[in-house]
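Following: one structure in structure tokens, then a few remarks.
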Amino acid sequence: MAISSVPKTNAPPPGTAGISVRDLSVHYGNFEALKDVNLSIEAGLVTALVGPSGCGKSSFLHSLNRLTDLVPGCKVKGSVRFGNGGESCGPGVDVLALRRRVGMVFQKPNPFPQSIRRNFEIPLREHGVRRKEISEVIEKCLRDVGLWDEVSDRLDRSAMALSGGQQQRLCIARALALDPDVILFDEPCSALDPMASAVVEEHIAALRGRITVAIVTHNLAQARRISDRVAVFWIRNGSGTIIEHGPTKEVFSNPVDPSSRCYLEGGCG
Amino acid sequence: MCRLRVDWLVRHVLGLLAVVAGGLVLVIVWYLFQGAKPALESGLPRRFFGDPEWQPGSVRDPQYGLVPMLAGSFLVTVFATALATPLGIAGAVFYQFYVPARVSRWNLRCMELLAGMPAVVLGFWGLMVVVPAISRLEPPGQSLLAAALVLALMILPIIALTSQAALSAVPLSHLQAAAGLGIGRAGMIWNIALPAAKGGIGSGVLLALARAIGETLVVVMLCGNIAQIPGSVFDPIRPVTSTIALEMGYATASHKALLYAGGLILVLVIGLLVGGLSFRRKPNHNTVH
Amino acid sequence: MTSLISSRFTTRRSRVQDWLFGGIGAIASLVTLGALGWILADLVKMGLPHLSVEFFTADMKSAGREGGIGPMIVSTFLILVCFLFPAIPLGVGCAFWLSEYVQGGSRIARAVTGGVDLLASVPSIVFGLFGMSFFCQVLGLGFSILSGGLTLTCMVLPILVRTTLSAMTSLPPDLRPAAGALGLTRATTLWQILLPAALPGIMIGITLGVGRALAETAALLFTSGYSTRWPESIHDSGRAISVHIYDLAMNIPNGGGKASASALVLLLMILAINLVASLLADRCLKSQYIS
Ligand SMILES: Nc1ncnc2c1ncn2[C@@H]1O[C@H](COP(=O)(O)OP(=O)(O)O)[C@@H](O)[C@H]1O
Ligand SMILES: [Mg+2]
Chain A
1 MAISSVPKTN
11 APPPGTAGIS
21 VRDLSVHYGN
31 FEALKDVNLS
41 IEAGLVTALV
51 GPSGCGKSSF
61 LHSLNRLTDL
71 VPGCKVKGSV
81 RFGNGGESCG
91 PGVDVLALRR
101 RVGMVFQKPN
111 PFPQSIRRNF
121 EIPLREHGVR
131 RKEISEVIEK
141 CLRDVGLWDE
151 VSDRLDRSAM
161 ALSGGQQQRL
171 CIARALALDP
181 DVILFDEPCS
191 ALDPMASAVV
201 EEHIAALRGR
211 ITVAIVTHNL
221 AQARRISDRV
231 AVFWIRNGSG
241 TIIEHGPTKE
251 VFSNPVDPSS
261 RCYLEGGCG
Chain B
1001 MCRLRVDWLV
1011 RHVLGLLAVV
1021 AGGLVLVIVW
1031 YLFQGAKPAL
1041 ESGLPRRFFG
1051 DPEWQPGSVR
1061 DPQYGLVPML
1071 AGSFLVTVFA
1081 TALATPLGIA
1091 GAVFYQFYVP
1101 ARVSRWNLRC
1111 MELLAGMPAV
1121 VLGFWGLMVV
1131 VPAISRLEPP
1141 GQSLLAAALV
1151 LALMILPIIA
1161 LTSQAALSAV
1171 PLSHLQAAAG
1181 LGIGRAGMIW
1191 NIALPAAKGG
1201 IGSGVLLALA
1211 RAIGETLVVV
1221 MLCGNIAQIP
1231 GSVFDPIRPV
1241 TSTIALEMGY
1251 ATASHKALLY
1261 AGGLILVLVI
1271 GLLVGGLSFR
1281 RKPNHNTVH
Chain C
2001 MTSLISSRFT
2011 TRRSRVQDWL
2021 FGGIGAIASL
2031 VTLGALGWIL
2041 ADLVKMGLPH
2051 LSVEFFTADM
2061 KSAGREGGIG
2071 PMIVSTFLIL
2081 VCFLFPAIPL
2091 GVGCAFWLSE
2101 YVQGGSRIAR
2111 AVTGGVDLLA
2121 SVPSIVFGLF
2131 GMSFFCQVLG
2141 LGFSILSGGL
2151 TLTCMVLPIL
2161 VRTTLSAMTS
2171 LPPDLRPAAG
2181 ALGLTRATTL
2191 WQILLPAALP
2201 GIMIGITLGV
2211 GRALAETAAL
2221 LFTSGYSTRW
2231 PESIHDSGRA
2241 ISVHIYDLAM
2251 NIPNGGGKAS
2261 ASALVLLLMI
2271 LAINLVASLL
2281 ADRCLKSQYI
2291 S
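Residue numbers (this note's numbering), protein chains in the order written: chain A, 1 to 269; chain B, 1001 to 1289; chain C, 2001 to 2291.
So this is what it looks like as structure tokens:
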């Protein structure tokens, strides 16, 4: 498994932004799914979010790009800042612009049931990209995920005819097309077979240095392979929270929290 | 922020459309009520049940007896439903449990065809075929029996289709359990499948009943249209719907108000039937009819 | 299922019961299908001799005993246009709002769906009564194709709302977050992503609605009128095919032959509409398999 060896940078590369999350909590109705989450996601690095199911990792990602707004009865409190920008949690934020800066790739590949080209055109036109430039963007982004050679001759056919792995790479390319600073991945490989999963993983790893990446994964080996930082989620007092975070090597080799030690060593969770 | 303005506009335009669509029924009921008001105010309601006859157009001695019409509606509806229910359920059982799915699918097509048959075509056929046949037995032929027979044919597919849907929704595991106990096919149908599908079949029958009360064309063409309480099934009748259809073209003043009152009664009775049905059904189990 | 429930090992009593149930069912089915076949055979036997090209294009003669139904076909078509024009935005828009802009369980959503369901239970003669006095008299549209179309709009609206709504709720649920994550507005999501995906389902609703409208007579008797002239505009009165059948059957002695022919035409139109609907339904199923 070849991982592109981008040097770990100290200064954030231009065009990316770190995320700083303070005292974040997420409620679904009366149920507190996340509580007291504090985390700095560093610019240009890959941060893996791990932990057992149901401890609020998806909720965390969704509160970063405000997809929680789409869930009736969901309340998010706390502070989220991208780079040097202002507060992006709370009212009065241009949510659509925020979502353009913060892309997301979901567990199940979710291309729109239209042609491959339309999958790019709809969001690009929405964000004011001119028609002439669109083909160029499509080619560049599809090349970025290694899909161009596979689909360049059938851009006008349905995206639903692609294989699962291809669909997922299409979704990554579609997120890249909006030129985001950050991409959030929510278990992007868990619906794919091992071969497709390896290809997708490779392309995520290749984003390191260009874009800030936060990736939820249940595959600890994958987290170890591609991430620079890792944060472990756990349920405490009925709500999810981060029990440990730091550089991947340190956390994996010497976890401090007993629950996370147990989890990372594969004993429980 | 032009996009957001478009978004706002779309939301409100759609909301307006939805309110119009949802409120339409209120407009109609309110309208009927307004139209029926003169009839409700002028002391007529007492005469609805007191007057022996229906002669609202008569200048010298108008008669406002609604009872014959309500009786006509009631009788033809109940008669037709009573005819259609056993046929519909027996057919559904037959195609669900006795016939291979391939054949059963063709029956489904036929039932859909019958369900989509325009009422006026059924009424016309009844006039050409059923009425002469009955008049050979006992004139005049246009009668409670003729209307009920054709009406039964019209609502039968509703009962058959909903019953078969309810029977096919009975979990296979229940039937397997019965088969595993050595219970025969008939016993399984009688003791397991029909009780489990009772709710769905009942809804189908009530729906058919509601449809029959409101049906106009078949009835107006076949029932003979004489406002009386029939002495036998061979006598003509005149249900509420056909009264409206026949008289709305020329009715004026309090006569017209009476027709609105008749319409209001129909809407309320059917609304109660169907409303009660959807109340009984599980909330998120809405089907298209 | 049939193979699973073999009656080989049942006792004699249950075998008798089995035969009894099967026999009753077979008789019930024979009666029903026999009646259907009888109706169709009669219509074909009486109507087919009258069918010709002229029947579709010619004027009516001798109160309907002779000639064709050309004007009625045109009127029917115009009534359908007048019915669809307001019905589609109203029905589809209502369903869109219910599925995308309000929560299913909220009070306003329940009120609107309840209203639409109640509307579905109103009998067609009541729509006729309402249409005659509201559209024809209060709005001053007179006995016209437009009045008839608007009356049908009220009547068929629930079908459109219900089918569109079920098409929307059966869309893959992850389309909405996918669109949201790309920063699309709800309006864009609706028009560019959800509408194209739900279109076959919506078309099914529209074809079903057209079938229902074609079959309707009671709501049209006193709204679109009886005129047998060629309609020149939607403000003219025009007789629908179904009303024509009614008139021939009830008021014209010896009108049976032409009435059967008209009924046959109407039936064929409805069959064609149903065929379109089931083809669309097949396509819906197929596209669901792909995704
Ligand atoms: N839309 C929702 N409504 C109510 N509860 C939810 C919703 N989404 C998630 N939850 C609850 O929030 C908790 C965290 O869920 P999630 O963020 O999906 O966890 P993870 O992604 O770590 O498996 C779970 O207990 C889940 O049941
Ligand atoms: Mg998750």
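We put the CB at the ideal spot given by N, CA and C, even for glycine.
**Message:** List, from N- to C-terminal side, the alpha helix (DSSP H) runs of 4 residues or more that fit wholly inside the segment 2035–2101 of chain C.
**Reply:** 2053–2057 and 2070–2096
**Request:** Determine the DSSP secondary structure at C/Ile2005, reduced to helix, strand or coil.
**Result:** Confidence at C/Ile2005 is low in this model, with a pLDDT of 47, below 50, so the placement of that residue should be treated as unreliable; the coordinate-derived value is given next. DSSP places C/Ile2005 in coil when its eight states are reduced to three.
**Message:** Closest to C/Val2081 by C-alpha separation, out of C/Pro2253, C/Ser2014, C/Arg2212 and C/Leu2146, would be which residue?
**Reply:** C/Leu2146
**Item:** Proximal residues to B/Ala1251 (C-beta, below 6 Å), its chain only, five neighbours per side dropped
**Value:** Leu1259
**Message:** Applying the 10 Å Cβ sphere with the 16-neighbour rule, what's the burial state of A/Asp181?
**Reply:** buried
**Burial state of A/Asp94 (16 or more Cβ within 10 Å)** = exposed
**Asked** Could you give the distance in angstroms between the alpha-carbon of B/Phe1048 and the alpha-carbon of B/Ile1229?
**Response** 14 Å
**Item:** Cut-off 6 Å between Cβ atoms - residues of its own chain near C/Gly2142, not counting five sequence neighbours on either side
**Value:** Cys2136
**Asked** Do you know whose CA, among A/Ser152, A/Lys57, A/Gly128 and A/Ala43, lies nearest A/Ile138's CA?
**Response** A/Ser152
**Asked** Among B/Gln1164, B/Asn1191 and B/Ala1165, which one has its Cα closest to the Cα of B/Leu1175?
**Response** B/Asn1191
**Prompt:** Say the cut is 8 Å; is the CB of A/Ser58 nearer than that to a heavy atom of ligand 2?
**Reply:** yes
**Asked** Quick one: does the C-beta of A/Gln166 sit closer than 8 Å to a heavy atom of ligand 2?
**Response** no
**Message:** Beta carbons nearer than 8 Å to chain B: which residues of the segment 2146–2175 of chain C have them?
**Reply:** Cys2154, Leu2157, Ile2159, Val2161, Arg2162, Thr2163 and Ser2166
**Prompt:** Of the choices A/Ile235, A/Val105, A/Ala205 and A/Pro113, whose alpha-carbon is the least far from that of A/Arg229?
**Reply:** A/Ala205
**Request:** Using alpha carbons as the reference points, say which of B/Leu1266, B/Val1269 and B/Gly1187 lies closest to C/Ser2014.
**Result:** B/Gly1187
**Message:** With a threshold of 9 Å between beta-carbons, can C/Gln2103 be considered close to chain B, or not?
**Reply:** no
**Message:** Helix, strand or coil for B/Trp1008? Go by DSSP, reduced to three states.
**Reply:** helix
**Request:** Step through the CB atoms of chain B and report whether any lies within less than 9 Å of the CB of C/Ser2007.
**Result:** Low per-residue confidence applies at C/Ser2007: pLDDT is 47, beneath 50, and the placement is therefore not dependable, though the value from the model is reported in the following sentence. C/Ser2007 counts as touching chain B.
**Message:** With a threshold of 6 Å on Cβ separation, who are the neighbours of C/Ile2273 within its own chain once the five nearest residues in sequence on each side are excluded?
**Reply:** Thr2207, Val2210 and Gly2211
**Prompt:** ligand 1 heavy atoms versus the CB of A/Asp186: any closer than 8 Å?
**Reply:** yes
**Asked** Can you tell which of B/Ile1134, B/Val1274, B/Cys1110 and B/Leu1217 has its C-alpha closest to the C-alpha of B/Val1205?
**Response** B/Val1274
**Request:** Quick one: residues in its chain with C-beta nearer than 7 Å to the C-beta of C/Ala2281, no 5 flanking neighbours on either side, listed in chain order?
**Result:** Ile2204
**Prompt:** Is A/Cys55 near ligand 1, going by C-beta to nearest heavy atom under 8 Å?
**Reply:** yes
**Request:** Report yes if the C-beta of A/Val232 is less than 8 Å from at least one heavy atom of ligand 2; otherwise report no.
**Result:** no
**Asked** Listing by chain order, which chain C residues have their CB less than 7 Å from the CB of B/Thr1077?
**Response** Near B/Thr1077 there are no residues of chain C at all, since even the closest Cβ is about 12 Å away, more than 7 Å.
**C-alpha gap between B/Thr1241 and C/Arg2110, whole angstroms** = 30 Å
**Message:** For A/Glu273, list the residues DSSP reports as bridge partners.
**Reply:** In the structure displayed, chain A extends from 1 to 269; residue 273 of chain A sits before or after that span and is not available.
**Prompt:** Would the beta-carbon of B/Gly1202 fall within 9 Å of that of B/Ala1165?
**Reply:** no
**Asked** Mind pulling the chain B residues with CB within less than 8 Å of C/Thr2124?
**Response** It is Ser, not Thr, that sits at residue 2124 of chain C in the sequence shown. Going along chain B in sequence order, the residues near C/Ser2124 (Cβ under 8 Å) are Gly1214 and Thr1216.
**Message:** For the beta strand (DSSP E) containing A/Phe233, name the first residue and the last one.
**Reply:** Arg229 to Arg236
**Message:** Just to make sure I have the definition right: I need the residues of chain C whose C-beta is within less than 7 Å of the C-beta of A/Lys108. Which are they?
**Reply:** Asp2174
**Asked** Taking the C-alpha atoms as reference points, what is the distance between C/Leu2267 and C/Ile2159?
**Response** 20 Å
**Message:** Buried or exposed for A/Leu264, going by 16 or more other Cβ atoms inside 10 Å?
**Reply:** buried
**Request:** Determine the extent of the beta strand (DSSP E) in which A/Thr212 is found, giving its start and end residues.
**Result:** Thr212 to Val216
**Message:** Quick check: what's the CA-CA separation for C/Ala2179 versus C/Thr2189?
**Reply:** 6 Å
**Prompt:** To which residues does DSSP link A/Lys75 through a beta bridge?
**Reply:** A/His27
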